[in-house]
Structures are given as structure tokens and as C-alpha cells.
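Peer 1:
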Amino acid sequence: MTVTILSRGELVDDDWTLIEDGHTQIGSAGGKVIVTLARWRSEREALLAAHAAVGVLVPNTADIEVVFAEISDRALIALQFPAFIDGRALSQAVVLRKRLGFTGELRAVGDVIQDLVFWLGRCGFDSIVPRKDQNLEACRAALREFTVAYQAAADEHTPVWIRRRGQVAA
Amino acid sequence: MYRYDQIDRALVTQRVEQFRDQTRRYLAGQLSEDEFRHLRLRNGLYQQRHAPMLRISVPYGLLESVQLRKMAHIVRKYDKGYGHFTTRQNIQLNWPKLEQVPDLLGELAEVQLHGIQACGNDTRNITADYLAGVAADEHIDPRPYCELLRQFIALHPEFYWLPRKFKFAFTGATVDRAASRTNDTAVHLVRRADGAIGYRFFVGGGLGRQPLLAQEMNPFVPESDLLRYATAVLRTFNRFGRRDNIHKARIKIVLREWGIERFRAAIEEEYAKIKASVEGEELLLLPEDIERMRGHFPAPAYRPAAEVGADVAAIAAGDAGFAAWVKRNVRPHKVPGYRVVFVSLKAPDHVAGDCTAEQFEALADICDAYSFGEIRSTYDQNLVLADVAERDLYEVWRRLDAFKLATPNIGLVTDIVSCPGLDFCGLANAGSIGVAQDIYRRFDTLDAQYEIGAIRITISGCMNGCGHHSVGHIGILGVDKHGEEWYQVTLGGSPSNDAAIGERIGRALARDEIADGVERLIHAYLELRCDEDETFIECYRRVGMAPFKERLYLNESEAAAA
């Protein structure tokens, strides 16, 4: 069962498998798995031995700066949106990208609807797993809902106060 | 006044299209009621009792004539011919149709107006001193800083889904005319002894349930660090604000639960980290950034006093109506020859803060002719013509009076602040408008109002406190008791430099008792004051609650004694 996700602006088949806590089966041998932070802490060596790659899902209540020491070498970090209106992981993402310098894949999972996608993209998520009922093409288009932005986040936009330097007031 | 460039225009236009698509998907059943609710709130659209309510942001209370004319057109085309000014200097429409809102927002965008983040759990419209730039007691004009922060928080991706609403207010004067510490964050522009400009930051205020005043976090954040410090505060709130209980989700609850030392340490630690990172470099404002923004708010082309000044007292001597208006609604201006004119939206038998299409148009014409084309909305639901030449005062009065905009009651007992209450609002537990009008009629004569002097009566129809009942000298809160409207009365609140949360006086009053009750409190004050110069609030602070309580519940204490 393949899942289509948004990766760096394109719709692609996902090659990672998210393993919830409580599941003993941890994906096919040799595959790429995402496990919770708790499981990563308790089964780290076994997971690394059994899988080609191990990503870590961090709760949105965690202090990302404290946790980062344990996961800084991961190819993928996943952050949670228990509800699309819960923006805690947006701050985690910005801190990961801009303060901690994480350059791996940053994934948004949970209640990810089309109307959250634009904000995710701006905060440095390059891997977005829309909720199952979402229109994937519309999600992809939503990354470019706005062509302008006032402030820098963790994307290519330059803040307006810097863009306007050198201009005179209208 | 700030003028949009192509970046601002593109952003507002694209925002309208985004909401048009969201409305279309909702009406087509592709967005759930709950999902759409959060999206429409972030465009100012609230579900009210009878229809959606649209809140239009008026950035730091500044409007110009082209916007007033557009409002006249909007309220005629999309509403019932009037709009309503709120205690946050915004404008609300009570009767728009959902399907028409995208077009309405499109028309607003043509004149730099929008509903972006006017409601919802996000950073709200910034409020500020309505005398910015003209007050004699101002050290620094806050408007350029308001606009810098307005742009920074508009559609900020990290802070678009906060635990709860978040409000900023600015002042740069000695007198706090922005009720600043009732906001989540108050920013006071200050100048240090060495001349350096900076910000005194207060955080953790808020009305509604458990009203609290913002507490000082940092006495002097350098001018370059406005966006850095704001980011530290907002990130702390986004991370630690409670999301398990909507009634405990404001930042004031984090402050209360942690205590001020831990709360301040968390914000200061985040601020230090921001300063030390690449993010801090981007967020640093250079002197030229502030200078450029200051260029958007030039002083108007004032004429010499010899040309525009007039002997106002002499003119007033010949016209009692004009004299009364000058006494109450006209204030000094820092530039000789000019005055500040208050436009009262508290005429008899008018809903506090309401403004009709004809009044919007008249105000547009008046401010074009006599106040450099601009007008401000105030925290008290009135308007201000900030730059009127003395020689024009009589004509301005005549023209305002023709549209019932010259009631000479600014700061008096009939200048009642009130939310829309049960008549319109879906959240309200009790009516506000009718109560305001009942109280108004008790003190309708000017002599009675002048005798009573400066007093602030505020009415909210529910705990959310849009009528700022917690900071009224006499605050009135509507509550529902078994389907009946009752009113709790608080005394001693104030939103200004002497900011305080009012204290509850005793048992709630029934709908048919409340106007009598307020009248008894006023009469109590007239008896208790030491002289005519002692205002209601000064008197209350001197004598305390007991004598007021005794007189309010007079019959009950007699009954109890019998």
C-alpha cells in the first residue's frame, strides 16, 4: 500500500513507513522506518541494525533543542500536528532549520489539510503527508498560495524590511 | 499614512483569492464546518446571532477619506447601511452574506483594508494611541513601529496557529490612551537618558475571564530589536500556551501559572538565542529601515498660527452649543493654531460606535476639507479629527452637528463604551445596547453630565469583555441566570496609566434594576466627593467600596435590618 506525499514540492510515492508505538512489527527488514522518539531511545541499536534508515517522530510538546542531540544525525525528522490548528510544531520546525541547522528531511504528519500546507512550506517542512481525504493536487498547489511574504521563516523569502532597503518611502 | 507598495498589494489580493477558494470549497461541502470556521475567522468573519459578522482591521486606528467613502459604499451594498466601531479601533459589519464576503473583501483591498487576522487564534490588529503624532505629551510617534510590526505579524507562518488570540498595543506618550496593559503585549516607546530609543515591553495582559494587566518584562529593548523581542514573546506563547482549555489559553495564564520570574526568564532566554543566531541577523532593524517607515508618517503641511489660529473662546461666547462642544470635544494640539476634535459616536438614541453610510461620507468630506484627509478611531468607540485649524472649528462643528456627530459628551457619563451584546453577538449572554441607552436617558441633560464630570461606564454582554467592563470606572457585565438577563457591577477599573481591574460590588442586578443602580452609584459619588474637582474614580479610590455598596443596596440593608 503506497502512500502519496508531497516531497520538495512534488507528489511522490512515500518510501518510509511510520511505526506507531505498541506495534511490535517494525517494518520490512531493510526498509526505511520512522519510529517515535520513545522507541528510538529504547531500541536504537536494534533499529539501526535492522533497517536501511531510521527517522524519528518527535512529539510537538518536546523541547526540540534538548532532543536534537539525540537525533541530529537522522536523515528524517517528523513533527506532529494533532489538529491543524495546533501550531506548536511550526516553531519546532523553524528552530530546527534556523537555529540548529538541520538539513535532513523534515516531515509534517497528522491532521494535515490543504489549508495548512502553505504555512508548513514556509516553516521549513520539505516533506508533507496530507490527511487521507485531501486533494493531493490542491495540496501541491497550496505551497504557492502566496508569491509574496512579509517576513523570513525557513524558506527562500527575504523579509520585506531587507527587500526595501535602498528604496525611498513612497 | 502608510501607502501600500506592490508587495503589500499582491499579498492582500492573493489573500482575497485564497479566501474565495476556501468559501467555495466550504459551500461545496469540501471543508467541514469546523475547518472552515478557523479559516473564516482568520479573515475577520465570525458567526453571529443573525448573520455572519465581518470585522475589518483598522491598523492602529488610522483611516483616510477614500477608506471612509469605501465604507459608505460597502455598508450600503453588503449590509444594512451602517457599520460599528469597536473598542479595538476596528469596524464591524453585522449583516454581510457569506457568499458575498469574498467580493466584499476584494473591494476593501482596493483601499488598503482587510479582515486578515481580525478574529481567530492569531496575532490581531495592532491598536495604538489615537493621538499619535499630535499629542503634546508624546515622546515618540508609535505609528512607524506599529506598521513595522503589523507587516511582520501579518500571515507570519510560525505564529498563524497560536493557542489563542494575541493582541499588541503601542503608545509613545506619557498618558496611556491605548489601554495598553489590557493587551497580551503592551509596547511603550521610550527614550533613554542618552537619547537612545527603545521599547518597554509589558506581557501577559488580557480582559475576558480572569482579567489581568500586562507585567513589565523588559524596561528597555533597543530600537533595532522590535521584531526580535516580538518573536521571542510569540514563540514562547506558541510553545507553552495551553491548548487543552480555551478559557486558559491566553498568554496571561502562562504568566499566572509560572509566575513572573520564570515567565520573564523564558522570554529573555529565547530573545538571547534569537540574537545569537542567523535568525537574529534577519530580524535586526537597521536605522534606515525605521527611517524609511517614518517617512510614511510625515507631519501634515501645517500653516502658521497667524494664518489658521482663531480666538476660539470669543467665537464660543456667542454660541452656547458651539461652546459646549468646544469644552468637551475639542482638545489642545501640539502645533499652535490647531486643535484635536473628537467626533462623538454616542448621540442620544444611537447605538454606541455605530456609523451610518451618510455619516461615513460626511466624515470623509469633513476630514478632506479640514483635517488633511485623515481620521482616527478611538478605544472609546469615538473618532478623532487630529489636525483641525482653529479658524475652521465652527464650520467643522456645524457640519458634524448636521450628522449627529457633535454630541458634547466626550469622557462624560453618556460616553458609554459597549459591545453589541445579545442583540447581535452569538457569544453574548445579555443585552448591552438597551442597558447603555437606559443609562444614557437618565443623564441626558448636559448640566447633569457636567455636574458628574469625567467618568467611564463600560458594558459587556458576556465574560469575553469586548465592552471592557473590567476596566470601567463603573463596569457592567451581562450574565445569564436561568434564561434571564442579569448584570454584575464592578467599580474602580481603569485602562489608563492608573490601570486597574474593577472590583465586584455585590449581587447582580436584574435588567429592570440596572439603570436605577447606576443612577444610585452616581448619586452616591456626588454625595461622597470632597469637591467638584474630585472625579468618580478618585473619589472611589479615596473612600473605597463600602459607601457605594451601602447606597446601591440601600433597600436590602434596610430590609435585612428590619
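So the sequence lines, in the order shown, correspond to chains A and B. For the first sequence, the residue numbers in the numbering used here are 491 to 660. For the second sequence, the residue numbers in the numbering used here are -14 to 547. Built from N, CA and C at the ideal position, the CB exists for glycine as well.
1) Between ILE125/B and GLY157/B, how many whole angstroms is the CB-CB distance? I'm expecting something under 8 angstroms.
2) Quick one: what does DSSP say TRP310/B is sitting in, helix, strand or coil?
3) When DSSP labels each residue in this structure, what does SER223/B get in the three-state scheme?
4) Specify, as a first and last residue, the run of the alpha helix (DSSP H) that GLN(-2)/B falls within.
5) Which chain C residues are close to ASP576/A, counting only those with a beta carbon under 9 angstroms from its beta carbon?
6) Would a C-beta distance cut-off of 8 angstroms place LEU412/B and ASN367/B closer than the cut-off?
7) Check ASP429/B in the structure and name its three-state DSSP category.
8) Of all the CB atoms in chain A, is at least one closer than 8 angstroms to the CB of GLU535/B?
9) Once you ignore the five residues that flank ALA660/A on each side, which residues in its own chain have a CB closer than 8 angstroms to its CB?
10) So what does DSSP say about ALA421/B, is it helix, strand or coil?
11) Drop a sphere of 10 angstroms on the beta-carbon of ARG655/A, count the other beta-carbons inside from all chains shown, and report buried for 16 or more, exposed for fewer.
12) Would you identify the three-state DSSP class for THR494/A, choosing helix, strand or coil?
13) Please compile the residues from chain A whose C-beta is within a distance smaller than 8 angstroms of the C-beta of LEU270/B.
14) Is there a Cβ from chain B that is less than 8 angstroms from the Cβ of GLU635/A?
15) Would you kindly check if the distance between the Cβ of ASP576/A and the Cβ of ARG228/B is under 8 angstroms?
16) In angstroms with no decimal places, state the Cα-to-Cα distance between VAL493/A and ASP553/A.
17) Give the residues of chain B in contact with LEU508/A, contact being defined as C-beta atoms less than 8 angstroms apart.
18) Give the residues from the segment 588 to 608 of chain A that approach chain B closer than 7 angstroms (Cβ to any Cβ), ordered along the chain.
19) In this structure, does DSSP put ASN550/A in helix, strand or coil?
20) Determine, using beta-carbon pairs with one atom in the segment 384 to 399 of chain B and one in the segment 47 to 65 of chain B, whether at least three such pairs fall under 8 angstroms.
21) Should SER666/A be labelled buried (16 or more other beta-carbon atoms within 10 Å of its own) or exposed?
22) What does DSSP give as the partner residue(s) for TYR323/B in the beta ladder?
23) Using the Cα positions of ARG(-12)/B and ARG128/B, report the straight-line distance between them to the nearest angstrom.
24) Which class does ILE76/B belong to by DSSP, given the choice of helix, strand or coil?
25) In this structure, does DSSP put TYR287/B in helix, strand or coil?
26) Please report how far the alpha carbon of ASP601/A lies from the alpha carbon of LYS82/B, in whole angstroms.
27) Which runs of the alpha helix (DSSP H) spanning at least 4 residues fall entirely within the segment 191 to 243 of chain B, listed in chain order?
28) Hey, does ALA540/A have any beta-carbon neighbour from chain B nearer than 8 angstroms?
29) Using a Cβ cut-off of 9 angstroms, pull out every chain A residue sitting near GLU84/B, in sequence order please.
30) Do we get a CB-CB distance below 8 angstroms when we pair GLN133/B with the residues of chain A?
31) Taking all protein chains shown into account, decide if THR526/A is buried (16 or more other Cβ within 10 angstroms of its Cβ) or exposed.
32) Within the same chain, show all residues whose beta-carbon is closer than 8 angstroms to that of PRO196/B, passing over the 5 residues directly before and after it, in chain order.
33) Spatial neighbours of ARG177/B within its chain, please: CB distance less than 7 angstroms, with the 5 preceding and 5 following residues excluded, ordered by chain position.
34) What residues in the segment 79 to 113 of chain B bring their beta carbon closer than 8 angstroms to a beta carbon of chain A?
35) Tell me the DSSP bridge mates of THR507/A?
36) Apart from the five residues just before and just after PHE225/B, which ones in its own chain have a Cβ nearer than 6 angstroms to its Cβ?
Peer 2: Once the coordinates are examined:
1) For the purposes of this step, residue 125/B is identified with residue 140 of the second sequence, where counting begins at 1. For the purposes of this step, residue 157/B is identified with residue 172 of the second sequence, where counting begins at 1. The pair is a contact, with the Cβ atoms about 4 angstroms apart (cut-off 8 angstroms).
2) Residue numbering aside, residue 310/B sits at position 325 when the second sequence is read from its first letter. Correct three-state label for TRP310/B: helix.
3) Taking the second sequence and counting its residues from 1, the one referred to as residue 223/B is at position 238. A quick correction: the sequence has Asn, not Ser, at residue 223/B. Helix.
4) The residue given as residue -2/B occupies position 13 in the second sequence. With the sequence shown as reference, residue -2/B is identified as Thr, and Gln is not the correct amino acid for it. Taken as a continuous stretch (DSSP letters only), the alpha helix (DSSP H) holding THR(-2)/B covers -9 to 12.
5) The displayed structure is made up of protein chains A and B, and chain C is not among them.
6) Counting from 1 along the second sequence, the entry for residue 412/B is found at position 427. Counting from 1 along the second sequence, the entry for residue 367/B is found at position 382. Cβ distance not < 8 angstroms, so LEU412/B and ASN367/B don't count as in contact.
7) Walking along the second sequence from the start, residue 429/B turns up at place 444. Three-state result, ASP429/B: coil.
8) Residue mapping note: residue 535/B aligns to position 550 of the second sequence, counting from 1. Not an interface residue.
9) The residue given as residue 660/A occupies position 170 in the first sequence. Unreliable placement is indicated for ALA660/A, whose pLDDT of 47 sits below 50; the coordinate value is still reported in the next sentence. For ALA660/A, where only same-chain residues beyond five positions count, there are no Cβ hits under 8 angstroms.
10) The sequence position of residue 421/B within the second sequence is 436, counting from 1. Helix, per DSSP.
11) Locating residue 655/A in the first sequence gives position 165, counting from the first residue. Answer is exposed; the Cβ neighbour count stays below 16.
12) Taking the first sequence and counting its residues from 1, the one referred to as residue 494/A is at position 4. THR494/A falls in the strand class under three-state DSSP.
13) For the purposes of this step, residue 270/B is taken as residue 285 along the second sequence, with counting starting at 1. Residues of chain A passing the Cβ test: TRP651.
14) On the first sequence, residue 635/A is found 145 positions in, with the first residue counted as 1. Yes, contact with chain B.
15) Locating residue 228/B in the second sequence gives position 243, where the first residue counts as 1. Locating residue 576/A in the first sequence gives position 86, where the first residue counts as 1. Against a cut-off of 8 angstroms, the Cβ pair of ASP576/A and ARG228/B comes out as a contact.
16) Here residue 493/A is taken as the residue at index 3 of the first sequence, counted from 1. Here residue 553/A is taken as the residue at index 63 of the first sequence, counted from 1. The straight-line gap from Cα to Cα measures roughly 30 angstroms.
17) For the purposes of this step, residue 508/A is taken as residue 18 along the first sequence, with counting starting at 1. Simply none; closest approach about 22 angstroms.
18) LYS588, ARG589, ILE603 and ASP605
19) The count along the first sequence starts at 1 and reaches residue 550/A at position 60. Residue state, collapsed to three classes: coil.
20) no
21) Past the boundaries of the shown model lies residue 666/A; chain A is included only from 491 to 660, so the question cannot be answered.
22) In the second sequence, residue 323/B corresponds to position 338, counting from 1. Its beta-bridge partners are ALA374/B.
23) Here residue -12/B refers to the residue found at position 3 when the second sequence is read from its first residue. Here residue 128/B refers to the residue found at position 143 when the second sequence is read from its first residue. Distance between the alpha carbons of ARG(-12)/B and ARG128/B is about 13 angstroms.
24) Locating residue 76/B in the second sequence gives position 91, where the first residue counts as 1. ILE76/B: strand per DSSP, three-state reduction.
25) By 1-based counting over the second sequence, the position of residue 287/B is 302. Three-state result, TYR287/B: coil.
26) Within the first sequence, numbered from 1, the residue matching residue 601/A stands at position 111. Within the second sequence, numbered from 1, the residue matching residue 82/B stands at position 97. For ASP601/A and LYS82/B, the distance between alpha carbons rounds to 30 angstroms.
27) 211 to 225 and 236 to 243
28) The residue labelled residue 540/A in the question sits at position 50 within the first sequence. False, the Cβ-Cβ gap to chain B never drops below 8 angstroms.
29) As a working mapping, residue 84/B is identified with position 99 in the second sequence. Under the 9 angstroms cutoff, chain A gives no residues; its nearest Cβ is about 19 angstroms from GLU84/B.
30) Walking along the second sequence from the start, residue 133/B turns up at place 148. Looking at the sequence shown, residue 133/B is not Gln but Leu. Yes, LEU133/B counts as interfacial toward chain A.
31) The residue given as residue 526/A occupies position 36 in the first sequence. Buried.
32) Counting from one through the second sequence, the residue named residue 196/B turns up at place 211. Within the same chain, PRO196/B has close Cβ partners THR167, GLY450, SER455, VAL456 and ILE486.
33) Taking the second sequence and counting its residues from 1, the one referred to as residue 177/B is at position 192. Only GLY183 and PHE205 meet the Cβ criterion.
34) ASN106
35) Counted from its first residue, the first sequence places residue 507/A at position 17. Answer is VAL523/A.
36) Working through the second sequence from its first residue, we reach residue 225/B at position 240. Around PHE225/B: VAL239.
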